[in-house]
Amino acid sequence: EIITNASTTMKIHSTILTALCFASLNAGAAAFSVNKGLTAKSKSSSVVLRSTPPFPSSTPSPSLTPVTTTVEPMFPLDLPTEIVQGGKTVRTYEMPLWAERVQMEFKTNGRPLKGKVELWLGPLRVTHQMEFDVQDGKATPFRATLKFKMVGQTLKITSSEGQEFPILASIAVPSEERSAELAKITEGVWNKALPTEKQRLQGGAIQGGGGAIRYVDVAPDVDAVQVVFWSKDTSKKSLKAKIEVIQGPNNPKQIFDLACGGGSQPYHCVFETPGPGWQVRVTNKKFMEDGLFEFAVVPYEIGDTMGNQRSVDKKDWWQ
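Next comes the structure, spelled out in C-alpha cells:
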C-alpha cells in the first residue's frame, strides 16, 4: 500500500513538472519572438527612429514609428525631435535590415551645437563618423543623408561634455521607394555640378597634415548649400575631411570633421548660410597614397535674389 501511494505521488509530481516545463518554454518563445512590425518596410515616405532605451523594460516598446510626412526635394519636414542631453549623453538607433540610407537633422534652441554621430558595424568597427561644432544650432542647423550597406548597423549620437549644450535630434529612415529617389537626387547633384562647383583634393603626408585645401565662395543670395562628398571617380576609398563654413575673414562658425567610406557610400549634407560673406573651406585629412576624393558644393536654398541690396533694418555679418 505504501509503495502504491508513493508511485502515485511520483506520477502526480512528474505530471506537474512536465506542465511547468511546457509553460516556461512557451513563455521563453514569446519573449524571444521577433516583432514583425519592426522589420517590415514602411509604406510611408519615411520612418522615424526612436532611440534604444538604455535599460530593458518589462513591456517592449517598438523602436520604429511609421509616420506620413510632407517631403521636400531632399529632407522631410516637421520631423519629431528627441532631446539628447549634454554631458556626453549617448543615444543609439538600430537601422532596419532593409534600410540603406538614414536622414539626420541636428539643431538647438539657440545654443551652440556640439556633438558626434557615428555608424557602428558590430561592437568594434565604426564605418562613419561626423563631429560637429556650430556656434548657433537654431540659425544654422545641420542636415545630412548617409548611405550605408544593408547589414543591420547602429547609429550612435553622443553629445558634448558640457551639460548646458543639449541636442535636438531627428532621425528618419526613408522607404525603399524614397531611398531610390534620394539616390537620383544625389547623383543628379553630382553629375550636373559645374567645374567650378566640383573640386578634387589630394591627401597629405603619412605623419598627418599637409592635405590639400579648397575654398568655395557662397553667393550672397544663397541661404543654404548642399555638399556631396564622393570618391567613386578617384580612389574609391574612404575619405577624411575637415569642413569649415566661414563667415568673414577666417572666422569659422560651423566646423565639421567627417570620416566615411566615400567609394560606394556618398555623403550628402546641407549647410545653412544665411546672409552674405560665407565661404566653405575643405581640408583633406588622409594620406597622399589613398586620400584622393572629390566634393561638390551646389546651392540648396535661394533667398533674396537682389543679392547685396539688403534692407536697412538688416545688419551685415560684421556689425
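If you want the working numbering, it's the position in the sequence shown, counting the first as 1, plus 31.
Glycine included, C-beta positions come from ideal geometry on N, C-alpha and C.
Straight through space, the alpha carbons of GLY168 and LYS138 are spaced by roughly 5 Å.
With a threshold of 16 other beta carbon atoms within 10 Å, SER295 falls short and is exposed. When rounded, the separation of the alpha-carbon atoms in GLN257 and GLY153 is 31 Å. For LEU144, DSSP records a beta bridge to VAL165.
ASP288 is bridged by DSSP to GLU162 and LYS273. With contact defined as three or more Cβ pairs closer than 8 Å, the region 237-253 and the region 154-168 are not in contact. Counting every other CB atom within 10 Å of its CB across the protein chains shown gives PRO127 a total of 16 or more, marking it as buried. Excluding five sequence positions before and after LEU289, the CB atoms of its chain that fall closer than 6 Å to its own CB belong to MET161 and ALA272, given in chain order. Judged by DSSP in its simplified three-state form, VAL157 adopts strand. C-alpha of ALA170 to C-alpha of GLU303: approximately 8 Å in a straight line.
When beta bridges are read from the DSSP output, GLU136 appears opposite ARG174 and SER201.
Buried is the label assigned to ALA327, since at least 16 other Cβ atoms lie within 10 Å of its Cβ. Beta-bridge partners assigned by DSSP to GLY235: PHE318. In this structure, DSSP gives SER210 a helical state, which the three-state scheme calls helix. Out of SER201, PRO172, GLU195 and PHE173, the CA that lies nearest to the CA of LEU186 is found in SER201.
Pairing VAL115 with ILE198 gives a Cβ-Cβ distance under 8 Å. When only Cα atoms are considered, THR217 and ARG142 end up about 31 Å apart.
Inclusion of PRO172 and GLU136 in the CB contact set at 8 Å is warranted, their separation being smaller than that value. With fewer than 16 other CB atoms across the displayed protein chains lying within 10 angstroms of its CB, TYR246 is exposed. PRO251 and ILE286 have their C-alpha atoms spaced approximately 20 Å apart. When the five nearest sequence neighbours on each side are left out, the beta carbons in the same chain lying within less than 6 Å of the beta carbon of THR314 are those of GLY242, ILE244 and LYS273, in order along the chain.
By the Cβ neighbour-count rule, GLN194 is exposed, with fewer than 16 other Cβ atoms within 10 Å of its own. In the structure shown, LYS223 adopts helical secondary structure according to DSSP, grouped into three states. For VAL121, the CB contacts under 6 Å within the same chain, skipping 5 residues up- and downstream, are THR189 in chain order.
Of all alpha-carbon atoms in PRO107, ARG132 and GLU192, the one lying nearest the alpha-carbon of LYS147 is that of GLU192. Distance from the Cα of HIS299 is smallest, within the candidate group GLY117, TRP129 and VAL133, for VAL133.
Here DSSP, grouped into helix, strand and coil, assigns GLU325 to strand. Only residues of its own chain outside the window of five on either side were considered, and among them SER266 and LYS268 have a CB closer than 6 Å to the CB of ASP321, listed in chain order. Distance between LEU110 and ALA203, taken at the CA atoms: about 8 Å.
Distance between GLY235 and LEU323, taken at the CA atoms: about 10 Å. Residue nearest to LYS145 within the set TRP151, GLY117, VAL157 and ALA130 is GLY117 (criterion: CA-CA distance). The Cβ neighbour count for THR176, taken over all protein chains shown within 10 Å, is at least 16; the residue is labelled buried. Under the DSSP assignment, GLU125 falls in the beta strand (DSSP E) whose first and last residues are 121-125.
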